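**Q** 399 is the number that this note's numbering gives to position 246 of the sequence shown; each next residue is one higher, with no gaps. Positions of the beta carbon are idealized from the N, C-alpha and C atoms, including for glycine. This structure is a prediction, so every number in the text was calculated from the model and none was measured.
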Amino acid sequence: SLINSRTKIVAVSHMSNVLGSITDLDLISKASKSVGAFLFVDACQSVPHIPVDFHKLGADAIAWSGHKMLGPLGIGLLGATEELLEIMPPFISGGSMIETVSMSKSTFAKAPKKFEAGTPPAAEAVGLGAAVEYLQKIGMENVHNHERHLTKLMLDGLKEIKGVTIYGPVDDRDRGSTVSFALDGLHPHDVGQVLDDMGIAVRVGNHCARPIMDKLKVQSTTRASTYIYNDDSDIHALLEGIDEVFGFFGKK
Numbered sequence: 154s155l156i157n158s159r160t161k162i163v164a165v166s167h168m169s170n171v172l173g174s175i176t177d178l179d180l181i182s183k184a185s186k187s188v189g190a191f192l193f194v195d196a197c198q199s200v201p202h203i204p205v206d207f208h209k210l211g212a213d214a215i216a217w218s219g220h221k222m223l224g225p226l227g228i229g230l231l232g233a234t235e236e237l238l239e240i241m242p243p244f245i246s247g248g249s250m251i252e253t254v255s256m257s258k259s260t261f262a263k264a265p266k267k268f269e270a271g272t273p274p275a276a277e278a279v280g281l282g283a284a285v286e287y288l289q290k291i292g293m294e295n296v297h298n299h300e301r302h303l304t305k306l307m308l309d310g311l312k313e314i315k316g317v318t319i320y321g322p323v324d325d326r327d328r329g330s331t332v333s334f335a336l337d338g339l340h341p342h343d344v345g346q347v348l349d350d351m352g353i354a355v356r357v358g359n360h361c362a363r364p365i366m367d368k369l370k371v372q373s374t375t376r377a378s379t380y381i382y383n384d385d386s387d388i389h390a391l392l393e394g395i396d397e398v399f400g401f402f403g404k405k
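1. I'd like to know whether the C-beta atoms of His167 and Ser199 end up nearer to each other than 8 angstroms.
2. Excluding the 5 residues preceding and the 5 following Ala164 in the sequence, name in chain order all residues of the same chain whose CB lies nearer than 6 angstroms to its CB.
3. Got a sec? Which residues, its chain only, sit under 6 angstroms from Lys370 by beta carbon, not counting five neighbours each side?
4. Just grab the DSSP bridge partners of Thr374 for me.
5. What first and last residue would you give for the beta strand (DSSP E) that runs through Asp195?
6. Quick check on DSSP: helix, strand or coil for Thr176?
7. Report yes if the CB atom of Ala335 is closer than 8 angstroms to the CB atom of Thr379, and no otherwise.
8. Am I right that Gly247 and Ala270 are in contact with their C-beta atoms under 8 angstroms? What's the rounded C-beta distance?
9. For Ser257, does the three-state DSSP call read helix, strand or coil?
10. Please state whether DSSP places Met307 in a helix, a strand or coil.
11. Near Leu409, what residues of its chain come up, given a Cβ to Cβ distance below 6 angstroms and the 5 sequence neighbours on each side ignored?
12. Taking Thr160 as the reference, which of Ile175, Ser182, Asp177, Leu172 has the closest Cα?
13. Report the residue from Leu237, Ala214, Ile245 whose alpha carbon sits nearest the alpha carbon of Leu230.
14. Look at the Cβ atom of Lys267, then the Cβ atom of Pro243, and state whether they are nearer than 8 angstroms.
15. What residue range does the beta strand (DSSP E) around Tyr287 cover?
16. If you measure between the beta carbons of Met307 and Ile388, is that distance less than 8 angstroms?
17. Please name the residue in Ile395, Met256, Asn359 whose C-alpha comes closest to that of Ile314.
18. Expressed to the nearest angstrom, what Euclidean distance is found between the alpha-carbon atoms of Ala390 and Ile353?
19. Since Ala390 is in the alpha helix (DSSP H), which residue starts that stretch and which ends it?
20. Could you compute how far the alpha carbon of Arg376 sits from the alpha carbon of Pro265?
21. From Met256 to Pro204, what distance separates their C-alpha atoms?
22. Out of curiosity, what's the CA-to-CA distance linking Ile245 and Pro273?
23. In terms of residue numbering, what span does the alpha helix (DSSP H) encompassing Phe207 cover?
24. Please name the residue, chosen from His208, Ile240, Gln372, that lies closest to Gly358 on a Cα-to-Cα basis.
25. Please find out if some non-hydrogen atom of the ligand GDP comes closer than 7 angstroms to the beta-carbon of Leu288.
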């Protein structure tokens with residue numbers, strides 16, 4: 154087992170930014186707790202897209218980014234249990250995180266202040282706060298339902314196109330809205346360039362997940378992602394665009 158008596162920390166992604174798959178954290182949480190290990194969850198891909206309740210995850214800490222949930226760049230969030238926040242030492246020193254200080258020793262402020270040294274990113278925090286309020290007004294269940302509809306539309310359409318391979322769950326249930334795929338005989342960079350010329354934005358490459366590419370035995374994939382600002386017309390444009398890509402390279 155990867156989790157054993159020598160394990161101190163288990164770090165896992167809640168939702169894959171490549172496959173869109175959602176990790177079953179219950180089993181991992183139980184295994185971690187059985188050996189006294191802390192469970193850290195990377196929720197950058199899940200928090201902006203599905204309802205997430207930290208207290209139900211069974212995790213000791215959870216982190217996510219602001220820019221994936223309509224917020225500005227350069228700011229993220231960390232949530233953790235009181236126990237973990239208490240025992241974790243700060244990793245950056247500076248103003249506002251010290252309780253007392255002398256020439257020989259210092260004591261740190263209580264969490265969260267001990268982790269927030271120096272001048273805070275005030276503009277970014279205000280922007281992220283506005284993004285959170287906006288998503289709360291919409292409702293994360295509504296966000297998820299909207300994305301699920303678009304994901305089903307995309308998956309169903311991709312399945313109908315000959316020469317397309319989908320990586321990850323092919324059912325819209327229990328997955329996120331990120332869909333990675335490949336076009337037979339075409340490099341994802343070429344696919345992305347032609348789609349870009351049509352005004353269709355996708356990401357191509359290994360998506361900062363080289364080990365997954367190795368597992369899939371591919372160099373890279375094309376990835377399409379939807380959010381609250383997308384609608385059915387965007388999915389139809391993507392599917393029509395893929396058909397045109399095949400034609401552009403004489404693969405039809």
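**A** Concretely, from the data shown:
1. In the sequence shown, residue 167 corresponds to position 14, counting from 1. In the sequence shown, residue 199 corresponds to position 46, counting from 1. In this structure, Ser199 lies closer than 8 angstroms to His167 by Cβ.
2. As a working note, residue 164 is residue 11 in the sequence shown. Only Phe193 meet the Cβ criterion.
3. Numbered from its first residue, the sequence shown carries residue 370 at position 217. Counting only Cβ-Cβ distances below 6 angstroms, and skipping sequence neighbours, we find nothing.
4. Mapped onto the sequence shown, residue 374 falls at position 221. For Thr374, which the question treats as bridged, DSSP gives the partners Gly358.
5. In the sequence shown, counting from the first residue as 1, residue 195 sits at position 42. Residues 191-195.
6. Locating residue 176 in the sequence shown gives position 23, where the first residue counts as 1. In the structure shown, Thr176 sits in coil (DSSP, three-state: anything other than H, G, I, E or B).
7. Position 182 of the sequence shown, counting from 1, holds the residue named residue 335. Position 226 of the sequence shown, counting from 1, holds the residue named residue 379. With contacts defined as CB atoms closer than 8 angstroms, Ala335 and Thr379 fail to qualify as a contacting pair.
8. Translated into positions along the sequence shown, residue 247 becomes position 94. Translated into positions along the sequence shown, residue 270 becomes position 117. Contact holds; Cβ gap of about 3 angstroms.
9. The residue given as residue 257 occupies position 104 in the sequence shown. Note: Ser257 maps to coil in three-state DSSP.
10. Indexing the sequence shown from 1 puts residue 307 at position 154. Helix.
11. Here the chain covers residues 154 to 405 and nothing more, so residue 409 does not appear.
12. Numbered from 1 along the sequence shown, position 7 holds the residue referred to as residue 160. Among Ile175, Ser182, Asp177, Leu172, the Cα nearest to that of Thr160 belongs to Ser182.
13. As a position in the sequence shown, residue 230 is number 77, starting the count at 1. For the residues Leu237, Ala214, Ile245, the minimum Cα distance to Leu230 belongs to Ala214.
14. Your numbering for residue 267 matches position 114 in the sequence shown. Your numbering for residue 243 matches position 90 in the sequence shown. Cβ atoms of Lys267 and Pro243: closer than 8 angstroms.
15. Indexing the sequence shown from 1 puts residue 287 at position 134. Note, Tyr287: premise wrong, no beta strand (DSSP E); alpha helix (DSSP H) at 275-291.
16. Here residue 307 refers to the residue found at position 154 when the sequence shown is read from its first residue. Here residue 388 refers to the residue found at position 235 when the sequence shown is read from its first residue. For Met307 and Ile388, yes; Cβs fall inside 8 angstroms.
17. As a position in the sequence shown, residue 314 is number 161, starting the count at 1. Answer by Cα proximity: Ile395.
18. For the purposes of this step, residue 390 is identified with residue 237 of the sequence shown, where counting begins at 1. For the purposes of this step, residue 353 is identified with residue 200 of the sequence shown, where counting begins at 1. For Ala390 and Ile353, the distance between alpha carbons rounds to 8 angstroms.
19. The sequence position of residue 390 within the sequence shown is 237, counting from 1. From DSSP, the alpha helix (DSSP H) with Ala390 extends over 385-401.
20. Here residue 376 corresponds to residue number 223 of the sequence shown, with the count starting at 1. Here residue 265 corresponds to residue number 112 of the sequence shown, with the count starting at 1. Going by the C-alpha atoms only, they are around 36 angstroms apart.
21. Counted from its first residue, the sequence shown places residue 256 at position 103. Counted from its first residue, the sequence shown places residue 204 at position 51. Spanning the two alpha carbons is a distance of roughly 48 angstroms.
22. For the purposes of this step, residue 245 is taken as residue 92 along the sequence shown, with counting starting at 1. For the purposes of this step, residue 273 is taken as residue 120 along the sequence shown, with counting starting at 1. One C-alpha to the other measures close to 13 angstroms.
23. As a first step, residue 207 is located in the sequence shown; it is residue number 54 there, counting from the start. Where Phe207 is concerned, the enclosing alpha helix (DSSP H) stretches over 207-210.
24. Residue mapping note: residue 358 aligns to position 205 of the sequence shown, counting from 1. When the alpha-carbon of Gly358 is set against those of His208, Ile240, Gln372, the nearest one is in Gln372.
25. Because no ligand of any kind appears in the structure shown, any question about the ligand GDP cannot be addressed here.
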